[in-house]
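Chemist: In terms of numbering that gives the first Met the number 0, the first sequence is numbered consecutively and its last residue is 950.
Cβ atoms here follow ideal geometry from the backbone N, Cα and C, with glycine treated the same way.
Values in this document were obtained by computation on a predicted structure and should not be read as measured data.
Pasting in a structure now, in C-alpha cells, and then I'll have a few things to ask.
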Amino acid sequence: MIDSNIESKWQKKWQDAKLFQSNPDNREKVFLTVAYPYPSGAMHVGHGRTYTVPDVYARFKRMQGYNVLFPMGWHVTGAPVIGIAKRIGRSDPWTLDIYQNVHKVPLNELKKFTDPHYIVKYFSDEYRNVMMKLGYSIDWRREFTTIDPHYQKFITWQFEKLNEKGLVRKGAHPVKYCPDDENPVGDHDLLEGEGVAINELILVKFKIGENYLVAATFRPETLFGATNIWLNPNEEYVKVKINDEEWIISKKAYYNLLNQKSNLELVGEIDTPSLIGQHAENPVTREKHIILPASFVDPDYATGVVYSVPAHAPADYIALADLKKDTETLNKYDIKDSVEKIQPIGLISLKGFGNHPAAEMIEKMSIKDQNDPDLKAATNEMYKLEHAKGVMGKHIPDYAGLKVPQARDEIKSYLLETDKGDIMHEFAEKPVICRCGTECVVKILDNQWFLKYSDEEWTQKTLNCLENMNTVPGEIRSNFEYYLNWLHDWACARRIGLGTPLPWDPQWLIEPLSDSTIYMSYYAIAPYLKDIDPEQMDEEFLDHVFLDKKTSKTNIPQGMKEEFNYWYPLDWRLSAKDLVGNHLSFHLFHHSAIYPQEKWPQGVVVFGMGLMEGQKMSSSKGNIVLLEDAIKIHGADVVRLFLMSSAEPWQDFDWREKEVIGTKKRLEWFIGFAEMVDELHGSQIKLNDYNQAPDANKSINAWIISQVNQRVQDVTRALEGFQTRKALQDALFLFKKDIDHYLHRVDHELKEENAKEEINQVLAYVLGIWIRLMAPFTPHTCEELWNRHGGQGFASDAPWPEHDLDLIDEKVQKSEEIIQGLVEDIREIKKITKSQPEKIHIYLAPEWKWKVFEIAHQVGKPDIGRIMGQAIKENIHNDKKELAGFAQKIAREMARMHYVGFVDEKRLLDDALDFVARDANAEIIVYQEPTYDPKNKARNALPYKPALFIE
RNA sequence: GCAGGGGUACCCGAGUGGACAAAGGGGGUGGACUCAAGAUCCUCUGGCGUAGGCCUUCAAGGGUUCGAAUCCCUUCCCCUGCACCA
Numbered sequence: 000m001i002d003s004n005i006e007s008k009w010q011k012k013w014q015d016a017k018l019f020q021s022n023p024d025n026r027e028k029v030f031l032t033v034a035y036p037y038p039s040g041a042m043h044v045g046h047g048r049t050y051t052v053p054d055v056y057a058r059f060k061r062m063q064g065y066n067v068l069f070p071m072g073w074h075v076t077g078a079p080v081i082g083i084a085k086r087i088g089r090s091d092p093w094t095l096d097i098y099q100n101v102h103k104v105p106l107n108e109l110k111k112f113t114d115p116h117y118i119v120k121y122f123s124d125e126y127r128n129v130m131m132k133l134g135y136s137i138d139w140r141r142e143f144t145t146i147d148p149h150y151q152k153f154i155t156w157q158f159e160k161l162n163e164k165g166l167v168r169k170g171a172h173p174v175k176y177c178p179d180d181e182n183p184v185g186d187h188d189l190l191e192g193e194g195v196a197i198n199e200l201i202l203v204k205f206k207i208g209e210n211y212l213v214a215a216t217f218r219p220e221t222l223f224g225a226t227n228i229w230l231n232p233n234e235e236y237v238k239v240k241i242n243d244e245e246w247i248i249s250k251k252a253y254y255n256l257l258n259q260k261s262n263l264e265l266v267g268e269i270d271t272p273s274l275i276g277q278h279a280e281n282p283v284t285r286e287k288h289i290i291l292p293a294s295f296v297d298p299d300y301a302t303g304v305v306y307s308v309p310a311h312a313p314a315d316y317i318a319l320a321d322l323k324k325d326t327e328t329l330n331k332y333d334i335k336d337s338v339e340k341i342q343p344i345g346l347i348s349l350k351g352f353g354n355h356p357a358a359e360m361i362e363k364m365s366i367k368d369q370n371d372p373d374l375k376a377a378t379n380e381m382y383k384l385e386h387a388k389g390v391m392g393k394h395i396p397d398y399a400g401l402k403v404p405q406a407r408d409e410i411k412s413y414l415l416e417t418d419k420g421d422i423m424h425e426f427a428e429k430p431v432i433c434r435c436g437t438e439c440v441v442k443i444l445d446n447q448w449f450l451k452y453s454d455e456e457w458t459q460k461t462l463n464c465l466e467n468m469n470t471v472p473g474e475i476r477s478n479f480e481y482y483l484n485w486l487h488d489w490a491c492a493r494r495i496g497l498g499t500p501l502p503w504d505p506q507w508l509i510e511p512l513s514d515s516t517i518y519m520s521y522y523a524i525a526p527y528l529k530d531i532d533p534e535q536m537d538e539e540f541l542d543h544v545f546l547d548k549k550t551s552k553t554n555i556p557q558g559m560k561e562e563f564n565y566w567y568p569l570d571w572r573l574s575a576k577d578l579v580g581n582h583l584s585f586h587l588f589h590h591s592a593i594y595p596q597e598k599w600p601q602g603v604v605v606f607g608m609g610l611m612e613g614q615k616m617s618s619s620k621g622n623i624v625l626l627e628d629a630i631k632i633h634g635a636d637v638v639r640l641f642l643m644s645s646a647e648p649w650q651d652f653d654w655r656e657k658e659v660i661g662t663k664k665r666l667e668w669f670i671g672f673a674e675m676v677d678e679l680h681g682s683q684i685k686l687n688d689y690n691q692a693p694d695a696n697k698s699i700n701a702w703i704i705s706q707v708n709q710r711v712q713d714v715t716r717a718l719e720g721f722q723t724r725k726a727l728q729d730a731l732f733l734f735k736k737d738i739d740h741y742l743h744r745v746d747h748e749l750k751e752e753n754a755k756e757e758i759n760q761v762l763a764y765v766l767g768i769w770i771r772l773m774a775p776f777t778p779h780t781c782e783e784l785w786n787r788h789g790g791q792g793f794a795s796d797a798p799w800p801e802h803d804l805d806l807i808d809e810k811v812q813k814s815e816e817i818i819q820g821l822v823e824d825i826r827e828i829k830k831i832t833k834s835q836p837e838k839i840h841i842y843l844a845p846e847w848k849w850k851v852f853e854i855a856h857q858v859g860k861p862d863i864g865r866i867m868g869q870a871i872k873e874n875i876h877n878d879k880k881e882l883a884g885f886a887q888k889i890a891r892e893m894a895r896m897h898y899v900g901f902v903d904e905k906r907l908l909d910d911a912l913d914f915v916a917r918d919a920n921a922e923i924i925v926y927q928e929p930t931y932d933p934k935n936k937a938r939n940a941l942p943y944k945p946a947l948f949i950e
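In C-alpha cells:
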C-alpha cells in the first residue's frame, strides 16, 4: 500500500517546482537550522529524528504561510576522519569491520577511505541522498562544507573579529595525548579509559643531599603528618635535571614528565635499594624523614615517590604495619629500630573519628595488607570525608582551624611561591589507551590559543542573549544558565585535522566546535558565492555584509547583505542535549560577541538520544539501524511518522521494530480511509468543494465536526512548541479513534439515502482537514492523497487548517458522552445480571433536577445549604424531602462533573436510538415521564445520566 | 562530588489539585467476519459485585487540603552531562 515510487515521484515534483527554495520576499520569515552533520559514518535512525523535527516544523510553518528557510551543510572540520583514514590505511580490523558491516560501505569504496577528504565526501553524498529520500524540505542551493575556501574566509573573518575584541588569549593546557599519533585525543578516540579525568597533583621537593626526592600528592596539607617516604625498591629510579635542580623520581615518571616539563634532562640511574634507610628533609616542617620500601607504590603513577602520612592515609598506615612485621626486609635494609619508632601523627580533626582516622578506616573495612583490593576504596572514602568535614588541628602552625580545602589551597600556594613544590598532571585512572593501541599520556600544550569564555563581560552579555530567547523544552534553560557561567576558556586550535588556519598563527587550525558557532549566517550568503573569488571576501567585504559597515567595494553581489538581514536573526537552532554545554552555548557566546543584539538567536530546541530496542544506539557497538535500510523496509513516511510519534524531540526515543510496524498500519488505515470516503461517495470527491464544515442535523455529525476542530486546535498548539509526539497523538491516533467511533456510530445509517448524504459531506470535510494535518509528518502520502482527491496544488503548500471555535461545542461533546455512558451502563448491567434483555426502559431526568444542577453549578461549592436555599426560593420542586435528598447527593458530584448546561436528552436519544438499540440488541423505550416504572428506577435519573430499567 | 531529569498498570508512555481505575500505543483476552490463516472491526485487560456500584492502587513513609498520581518534607532507586570534541 505504501509505495516507494510515490515517494520519489513527489520528491521529484517538489524539486521541479523549486518548492523549498526560499528567497526573501514580503512575507514573514522563519529561519531554522539544525546542527550540520559530521559525515564520518552512515546516517542512522537517531540522526533521522534530529533532521526530521526541523523538517516537520518547517513544513508546518510553510503551510501557515510563512517564508521558511531550512538549509543544510556539512561539518567536515576536525581530526576523527584523519584517524579513520590512517586506521583504514593500515587495515585495522576493528575499523574495517565497523565500516564494512555497520556503515555498510562497499569494499571498492572502502579502499579509497585512506583519504580523509574522500570519507567526508562519500558520507555527505550519502547523507544528502538519504535526506532527499526522507523528503526533507531543504533548500539545497545553500549547501556547503566547512573546508570550502569561501567558508574558510568566513571563519577567518569571525576569528579576526574575536581577536580584535580581545576575546582570544594564549596559554598552556594539559591534554590526553597519543605519543604515536602525536596528537591530543578525545574520548571517542579511546579504546580504554573513556571519561577519565586529568588531575592536578602537587609535587613536594624533599631535600636529600644536593638533590631532591620529589613526591606527588593530592593532599599537601598532610605534610605536617609525614613520618617517612615510600619508594618501590623493585623499580628503577633516575636522577633528572630540571632548570638548575636535580630530582629523583621513577624512570617511568621521567618519561611521563617529558610531556609536561620542558628542559628536563636525564642525568643518571639510581641504585634504588641504596636510598632505603636514608633521610630526606620535609620542606615545610624541616624534619628528616626516613626512606622506606613499599610495594604499593606505582612507579608509573605521578613521580613514583610518596610521602607517608599514616594517621590520615590508609595505604600508608597499612604499609607501615606490613613493614613492621616484615623482619626480613627490616634486617635487609637495617632499618628495624627506626621503623619501630614511627608513630602516626594526627593533624586533621574529623567528627566521628579519633586522632588517627586512617587506622579506624582500615579496621572498619577489614583491610588485610597493602595489596588488598579494597585499599583504594578506603583511601577514597578517607579523602572524601576529610575533604568535606576535616579541620586542621590546633597544633598545626599557621593553618590551625582551617577547613581542609582551604588549608590545601594555601599550602599549595606556599609551596609554589617558595619553589618548594611544583605541579604535575596525571590521569585519574589508568590505563588510557588510544584506538591505535598506544598508551596515552598527559601532555602540556604550550602556546595554545583560548577563547575567553570565562570573561565576565562576555558571559554577562551572553546571559542577556539567553534571557531573551525561547528554549524548548523550558526546563533546559537552567542548564544553559549553569553552563554559561561554568564555561572555562576553551582551547580553540589544533595541530591536526581538517579546518581553517588561525589567521594570525597559521600553524594552528581552528577546532570544529569553534568554527561552527555563527555559520547559520553563512547560509544566507551561500547562494551568491559561486562566482566570487574567495580572496575577495576580506574583512571589509564581510563587515559590510554582516555588520552593515560602509564600503567602497563594488564587487559585492547585489542583494547579499539584504538577504542576510532578511533571514537573520535565526529563529530556531536545533541540536542534541549533550551539546548544551558546548556547541549551543558557544553559539550564543559568539553571536553575542559579534552581532548587535537584534541579530541574536531567538530560540533553541534540544534533542534527546536514540535507543534501539531499549539499548543505547551506538555505531561503535554496531547496534544501529541505518536510515537507508529503514526507508527501504518501511518507507520514508513510516520512518518519519514513527520518529515523530514515539517521543517528544527532547526525550529519548526507542526504535522498536514492532511499534514501527504498528505505526505503519496506522498510516495504511489513513490511506484506506481516504479510499473509503470516495467509495461511500460513489465517485471521486473534490476536496476543494468541502472546505467548509457542513451543517449538521444529527448530533453525531456535529460531534465529529466538533472533535475535528478541537484536534486542529490541539495539533497546532503542539506543533508551535515542537511537540511532535503530542501533535501526532492528536493528529493521527486520537483523530483515528474519533473516526472509528464515528463510523461505528453511523454504520447502520449508511443505507439511508438522507442520512448518507450528510455523512458524505462530513467525511469529505474531515478528510480535507486530516490530509493537511498529516502533511508535515507524512508529506509523500499526503501529497498523493491530496492529489487523488482533487486538492489544489501541493499539499505541502496548502493552507494549514484553522480551527473554528464556534464548531468546538462542549454540549455536543457532552451529548456524545451521554450516549456512550448510556451504552456502557447497559453493557455493565447486562454483564452483572448475565442476562440478555428484550426491552430497555430509559428515564430522563425531570426538569427540576436540571434546575438544581444549574443552581449547584452557580454556587460552585459543595455547599448544600446554599443550594437548598436557592432551590426553595425558586420553588423548583414541591417535594422538599426529595429535593433535599437530591441536593445532598449531587453536591459532592458537582465538583467532579463538567457541567455545560442543559442538553435536550429527548432529542438526543431519538437521534441515537437506533445505535443504542443495536448495541444493546434490545428494544429501547425512552420516557420523559415515568409512565411505566415497575422497579421504581426513574428516581435515579440525573441530568447527563438517564435511569435504566432492563427486562 | 556537582548540575539537570526521572520512578505511573504486563511493557512503552500521557497525566502537575476535583470529569482519574488513570489518554494513546504495544502485548494479551473474548467476539464478529472467514472454509481457514491473515488483515480488519468490536469488547475486555487492578479486585469484588445478579443494577449502572464498592474496595485497593501512581517508588516508600509522613504532611497540607472538603479532595492528592498531581503540592510540601524525608528516604530509597534510576538516567544524562561534567569538555579539548563528533
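Give every residue of the same chain whose Cβ lies closer than 6 Å to the Cβ of Arg61, excluding the five residues on either side of it in the sequence, and list them in chain order.
Modeler: Residue numbering aside, residue 61 sits at position 62 when the first sequence is read from its first letter. Contacts found: Val67.
Chemist: How many angstroms separate the CA atom of Gln10 from the CA atom of Cys781?
Modeler: Here residue 10 is taken as the residue at index 11 of the first sequence, counted from 1. Here residue 781 is taken as the residue at index 782 of the first sequence, counted from 1. If you take the alpha carbons of Gln10 and Cys781, they lie about 12 Å apart.
Chemist: Compute the beta-carbon to beta-carbon distance between Gln712 and His802, rounded to the nearest angstrom, for a pair I have assumed lies under 8 Å.
Modeler: Along the first sequence, read from residue 1 onward, the residue named residue 712 stands at position 713. Along the first sequence, read from residue 1 onward, the residue named residue 802 stands at position 803. For Gln712 against His802, the beta-carbon gap comes to about 4 Å, under 8 Å, which counts as contact.
Chemist: Can you tell me whether DSSP reads Met0 as helix, strand or coil?
Modeler: Within the first sequence, residue 0 is the residue found at index 1, counting from 1. Note that Met0 scores a pLDDT of 49, beneath 50, so its modelled location is shaky; the value from the coordinates is reported in the next line. The answer is coil: DSSP assigns Met0 none of H, G, I, E or B.
Chemist: Between Ile768 and Val902, which are expected to be in contact by the criterion C-beta below 8 Å, what is the C-beta distance as a whole number of angstroms?
Modeler: Counted from its first residue, the first sequence places residue 768 at position 769. Counted from its first residue, the first sequence places residue 902 at position 903. Rounded, the Cβ-Cβ distance is 26 Å, inconsistent with contact.
Chemist: Assign His102 to buried or exposed, taking buried as 16 or more other Cβ atoms, counted over all protein chains shown, within 10 Å of its Cβ.
Modeler: Taking the first residue of the first sequence as 1, we reach residue 102 at position 103. Answer is buried; the Cβ neighbour count reaches 16.
Chemist: Alpha carbon to alpha carbon, what distance is there between Tyr98 and Gly40?
Modeler: For the purposes of this step, residue 40 is taken as the residue at position 41 of the first sequence. For the purposes of this step, residue 98 is taken as the residue at position 99 of the first sequence. If you take the alpha carbons of Gly40 and Tyr98, they lie about 8 Å apart.
Chemist: Please return the same chain residues whose Cβ sits closer than 6 Å to the Cβ of Met42, not counting the five positions on each side in sequence.
Modeler: For this step, residue 42 is matched to residue 43 along the first sequence. Taking C-beta separations shorter than 6 Å and ignoring five residues to either side along the sequence, the partners of Met42 in its chain run Tyr126, Val129, Leu626, following chain order.
Chemist: Tell me whether Gly864 sits in a helix, a strand or coil according to DSSP, three-state version.
Modeler: Locating residue 864 in the first sequence gives position 865, where the first residue counts as 1. It is helical.
Chemist: Is it the case that the Cβ atoms of Ala84 and Asp124 are separated by a distance below 8 Å?
Modeler: Reading the first sequence from its first residue, position 85 is the one you call residue 84. Reading the first sequence from its first residue, position 125 is the one you call residue 124. Against a cut-off of 8 Å, the Cβ pair of Asp124 and Ala84 comes out as no contact.
Chemist: Report the three-state DSSP secondary structure of Met611 (helix, strand or coil).
Modeler: Within the first sequence, the letter at position 612 stands for residue 611. Look at Met611 here: in three-state DSSP terms it is strand.
Chemist: Out of curiosity, what's the CA-to-CA distance linking Thr32 and Leu189?
Modeler: Your numbering for residue 32 matches position 33 in the first sequence. Your numbering for residue 189 matches position 190 in the first sequence. In this structure, the straight-line span from the alpha carbon of Thr32 to that of Leu189 is close to 31 Å.
Chemist: Mind pulling the alpha helix (DSSP H) runs of 4 or more residues that sit fully within the segment 418-472?
Modeler: Within the segment 418-472, the complete alpha helix (DSSP H) segments at least 4 residues long are 455-466, listed from N- to C-terminus.
Chemist: If you draw a straight line from the C-alpha of Ile839 to the C-alpha of Glu647, how long is it?
Modeler: Counting from one through the first sequence, the residue named residue 839 turns up at place 840. Counting from one through the first sequence, the residue named residue 647 turns up at place 648. Straight-line Cα distance between these residues: approximately 47 Å.
Chemist: What does a CB cutoff of less than 6 Å around Gln151 pick up in its chain, not counting 5 residues either side in sequence?
Modeler: Position 152 of the first sequence, counted from the first residue, corresponds to residue 151. Excluding positions up to five away in sequence, the list reads Thr499.
Chemist: Excluding the 5 residues preceding and the 5 following Tyr50 in the sequence, name in chain order all residues of the same chain whose CB lies nearer than 7 Å to its CB.
Modeler: By 1-based counting over the first sequence, the position of residue 50 is 51. Closer than 7 Å at Cβ, skipping near neighbours: Val33, Met130, Tyr135.
Chemist: Here's the rule: buried if 16 or more other CB atoms are within 10 angstroms of the residue's CB, otherwise exposed. What is Trp93?
Modeler: By one-based count along the first sequence, residue 93 stands at place 94. The residue is exposed, with fewer than 16 neighbouring Cβ atoms inside 10 Å.
Chemist: From Ile593, Asp297, Lys324, pick the residue whose C-alpha is nearest to that of Glu163; which is it?
Modeler: Here the question's residue 163 lines up with position 164 in the first sequence. Of Ile593, Asp297, Lys324, the residue nearest in Cα terms is Ile593.
Chemist: Note down the Cα distance separating Pro70 from Trp503, rounded to an integer number of angstroms.
Modeler: Locating residue 70 in the first sequence gives position 71, where the first residue counts as 1. Locating residue 503 in the first sequence gives position 504, where the first residue counts as 1. If I take the Cα positions, the gap works out to 31 Å.
Chemist: Identify every residue that forms a DSSP beta bridge with Met391.
Modeler: The sequence position of residue 391 within the first sequence is 392, counting from 1. Met391 is bridged to Ile347.
Chemist: Does the separation of the CB atoms of Leu486 and Ser453 fall below 8 Å?
Modeler: Counting from one through the first sequence, the residue named residue 486 turns up at place 487. Counting from one through the first sequence, the residue named residue 453 turns up at place 454. Contact flag set, yes.
Chemist: With a cut-off of 8 Å, do at least 3 Cβ pairs link the segment 247-254 to the segment 347-361?
Modeler: no
Chemist: Would a C-beta distance cut-off of 8 Å place Ala701 and Asp808 closer than the cut-off?
Modeler: For the purposes of this step, residue 701 is identified with residue 702 of the first sequence, where counting begins at 1. For the purposes of this step, residue 808 is identified with residue 809 of the first sequence, where counting begins at 1. Yes, the Cβ-Cβ distance between Ala701 and Asp808 is below 8 Å.
Chemist: Under 8 Å by Cβ, that's how I've got Lys204 and Pro298 pegged, so tell me the actual separation to the nearest angstrom.
Modeler: Your numbering for residue 204 matches position 205 in the first sequence. Your numbering for residue 298 matches position 299 in the first sequence. Actually they do not touch by this definition, with Cβ atoms about 18 Å apart.
Chemist: Where does the unbroken beta strand (DSSP E) through Val203 begin, and where does it stop?
Modeler: Stepping through the first sequence from its first residue, residue 203 is reached at position 204. Here the beta strand (DSSP E) through Val203 covers 197-207.
Chemist: Using a Cβ-Cβ cut-off of 6 Å (strictly less than) and excluding sequence neighbours within five positions of Gly45, which residues of its own chain qualify?
Modeler: For the purposes of this step, residue 45 is identified with residue 46 of the first sequence, where counting begins at 1. Taken in chain order, the residues that qualify are Gly609, Met616.
Chemist: Where do the N-terminal and C-terminal ends of the beta strand (DSSP E) with Trp654 fall, by residue?
Modeler: As a first step, residue 654 is located in the first sequence; it is residue number 655 there, counting from the start. Per DSSP, Trp654 belongs to the beta strand (DSSP E) from 652-654.
Chemist: Under 7 Å Cβ to Cβ from Asn759, same chain only, skipping five residues before and after it: list those, please.
Modeler: Here residue 759 refers to the residue found at position 760 of the first sequence. The residues are Leu679, His680.
Chemist: For Ser795, does the three-state DSSP call read helix, strand or coil?
Modeler: Locating residue 795 in the first sequence gives position 796, counting from the first residue. The three-state secondary structure of Ser795, taken from DSSP, is helix.
Chemist: Going along the chain, which residues of its own chain have a beta-carbon closer than 7 Å to the beta-carbon of Met0, five neighbours each way excluded?
Modeler: Counting from one through the first sequence, the residue named residue 0 turns up at place 1. At Met0 the pLDDT is 49, less than 50, meaning the model places this residue with poor confidence; the figure from the coordinates comes in the next sentence. The residues are Glu667, Ile670.
Chemist: Where do the ends of the alpha helix (DSSP H) carrying Asn696 lie?
Modeler: The residue given as residue 696 occupies position 697 in the first sequence. Note, Asn696: premise wrong, no alpha helix (DSSP H); not H, not E.
Chemist: Within the continuous alpha helix (DSSP H) that includes Ile923, where are the two ends?
Modeler: The residue you call residue 923 lines up with position 924 of the first sequence. For Ile923, no alpha helix (DSSP H) segment is defined; the enclosing uninterrupted segment is the beta strand (DSSP E) at 922-926.
Chemist: Where does Glu837 land, buried or exposed, given buried means 16+ other C-beta within 10 angstroms?
Modeler: Here residue 837 refers to the residue found at position 838 of the first sequence. That one is exposed.
Chemist: Going by Cα to Cα distance, which pick from Asp371, Gln369, Val403 is closest to Tyr382?
Modeler: In the first sequence, the residue the question calls residue 382 occupies position 383. The option with the nearest alpha carbon to Tyr382 is Val403.
Chemist: Where in the segment 292-379 do unbroken runs of the alpha helix (DSSP H), each at least 4 residues long, occur, reported from the N-terminal end onward?
Modeler: 313-324, 326-332, 335-340, 356-363
Chemist: Just reading off the beta strand (DSSP E) that Ser177 is part of, what are its end residues?
Modeler: Indexing the first sequence from 1 puts residue 177 at position 178. The question names Ser, yet the displayed sequence has Cys at residue 177. Here the beta strand (DSSP E) through Cys177 covers 167-177.
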